[in-house]
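Since the structure comes first, as structure tokens, the remarks are kept for the end.
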Amino acid sequence: QKEVEQDPGPLSVPEGAIVSLNCTYSNSAFQYFMWYRQYSRKGPELLMYTYSSGNKEDGRFTAQVDKSSKYISLFIRDSQPSDSATYLCAMSAGNQFYFGTGTSLTVIP
Amino acid sequence: NAGVMQNPRHLVRRRGQEARLRCSPMKGHSHVYWYRQLPEEGLKFMVYLQKENIIDESGMPKERFSAEFPKEGPSILRIQQVVRGDSAAYFCASSPYTGDGYTFGSGTRLTVV
Chain A
5 QKEVEQDPGP LSVPEGAIVS LNCTYSNSAF QYFMWYRQYS RKGPELLMYT
55 YSSGNKEDGR FTAQVDKSSK YISLFIRDSQ PSDSATYLCA MSAGNQFYFG
105 TGTSLTVIP
Chain B
20 NAGVMQNPRH LVRRRGQEAR LRCSPMKGHS HVYWYRQLPE EGLKFMVYLQ
70 KENIIDESGM PKERFSAEFP KEGPSILRIQ QVVRGDSAAY FCASSPYTGD
120 GYTFGSGTRL TVV
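So the protein lines, in turn, are chains A and B.
Start counting the first sequence at 5; every next residue gets the next number (the numbering used here).
Start counting the second sequence at 20; every next residue gets the next number (the numbering used here).
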């Protein structure tokens, strides 16, 4: 079983839609949870970072962590074509981060 | 703030040659991490370094791969006697503290021919 599972998609939505991206994990020791956005041929860019269960909001982005279910989500409101990218979840219990394989998102104008 | 700088962006090596990948962390960041990304796979941890020290190399292949982060200069990931399976994107990240969110560089895309 992989440490982190993420549906690769691809996911295609119309502009303005609400997008929900999800990851599950198996290691209950994970304490830090992150979402990264990666454009083609670029390095991942940190979007959200949290270390507790609950919700964290930043503009159009909301990160949700449910440690009891070992489940994290990223919601994107009012999605824009510029949001088209691959979204990677990541989590950590210490030195190294464990990444999901990424979900490819396309927002259609 | 120049961010995490990696060079070269693209590197082509013949089988059996050596590849040297460089990473300069963000100013003020003393923690450096190397990850490898293969097509259809997520980022895989390779090694975590602080200045002059390897803290965790549990993700590094036991042979042909080495990493350093000297007191002066960039961190170097070195792959000796490259094989086709080493072809991948190699990303460096840095952070000011252990466990903090990383800042990634743009990566070095290694192609072994």
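For every residue, glycine included, the Cβ atom is placed at its ideal position computed from N, Cα and C.
In this text, all values refer to a predicted model and were calculated from it rather than measured experimentally.
- Message: Applying the 10 Å Cβ sphere with the 16-neighbour rule, what's the burial state of V31/B?
- Response: Exposed is the label assigned to V31/B, since fewer than 16 other Cβ atoms lie within 10 Å of its Cβ.
- Item | Candidates R33/B, G104/B and W53/B, of which the one nearest Y121/B by Cα | Ranking the options by Cα distance to Y121/B, first place goes to W53/B.
- Short-range partners of chain A found in the stretch 97 to 129 of chain B, where Cβ spacing is below 9 Å: Taking 9 Å as the upper bound on Cβ-Cβ separation, chain A lies near residues A108, F110, C111, A112, T117, G118, D119, G120, Y121, T122, F123, G124, S125, G126 and R128 of the stretch 97 to 129 of chain B.
- Item | Test: Y53/A CB closer than 7 Å to a CB of chain B | Chain B, which has a Cβ nearer than 7 Å to the Cβ of Y53/A, makes this yes.
- Item | Close Cβ partners of Y36/A (< 6 Å) along its chain, the five nearest in sequence each way excluded | Here Y36/A has Y55 and S96 as same chain residues with Cβ atoms under 6 Å from its own Cβ, once five neighbours each way along the sequence are excluded.
- As assigned by DSSP and simplified to three states, the class of P18/A: Three-state result, P18/A: strand.
- Task: Name the two residues that bound the continuous beta strand (DSSP E) containing M65/B.
- Result: Residues L62 to Q69.
- Task: With a cut-off of 8 Å on the beta carbons, I'd call Y40/A and L92/A a contact; round off their distance for me.
- Result: That pair is a contact at about 4 Å.
- Mind listing the chain A neighbours of F88/B? Cutoff is C-beta to C-beta under 8 Å, in chain order. Neighbours of F88/B across chain A, judged by C-beta separation under 8 Å, do not exist; the nearest C-beta is about 14 Å away.
- Message: Please list, in chain order, the chain A residues whose beta carbon lies closer than 7 Å to that of E60/B.
- Response: Within 7 Å Cβ-Cβ: T105.
- Task: Give a yes or no on whether the minimum CB-CB distance between P14/A and chain B is below 7 Å.
- Result: Judged by the 7 Å Cβ criterion, P14/A is not in contact with chain B.
- Starting from the beta carbon of G47/B, find every residue of chain A whose beta carbon is closer than 8 Å, and list them in chain order. Chain A residues near G47/B: none, gap ~16 Å exceeds 8 Å.
- Task: Please classify G58/A: does DSSP put it in a helix, a strand, or coil?
- Result: Judged by DSSP in its simplified three-state form, G58/A adopts strand.
- Message: Beta-carbon within less than 6 Å of L40/B's beta-carbon, same chain only, minus the 5 sequence neighbours each way: which residues are those?
- Response: Correct list, in chain order: L96, Y109 and T127.
- Message: Within 10 Å of its beta-carbon, does S114/B have 16 or more other beta-carbons around it, so buried, or fewer, so exposed?
- Response: In this structure S114/B is buried. Its beta-carbon is surrounded by 16 or more other beta-carbon atoms within 10 angstroms.
- Put R39/B into one of helix, strand or coil per three-state DSSP. DSSP places R39/B within a strand segment (E or B) once states are collapsed to three.
- Should I22/A go down as buried or exposed, given a rule of 16 or more other Cβ atoms within 10 Å for buried? Exposed: under 16 other Cβ atoms inside 10 Å.
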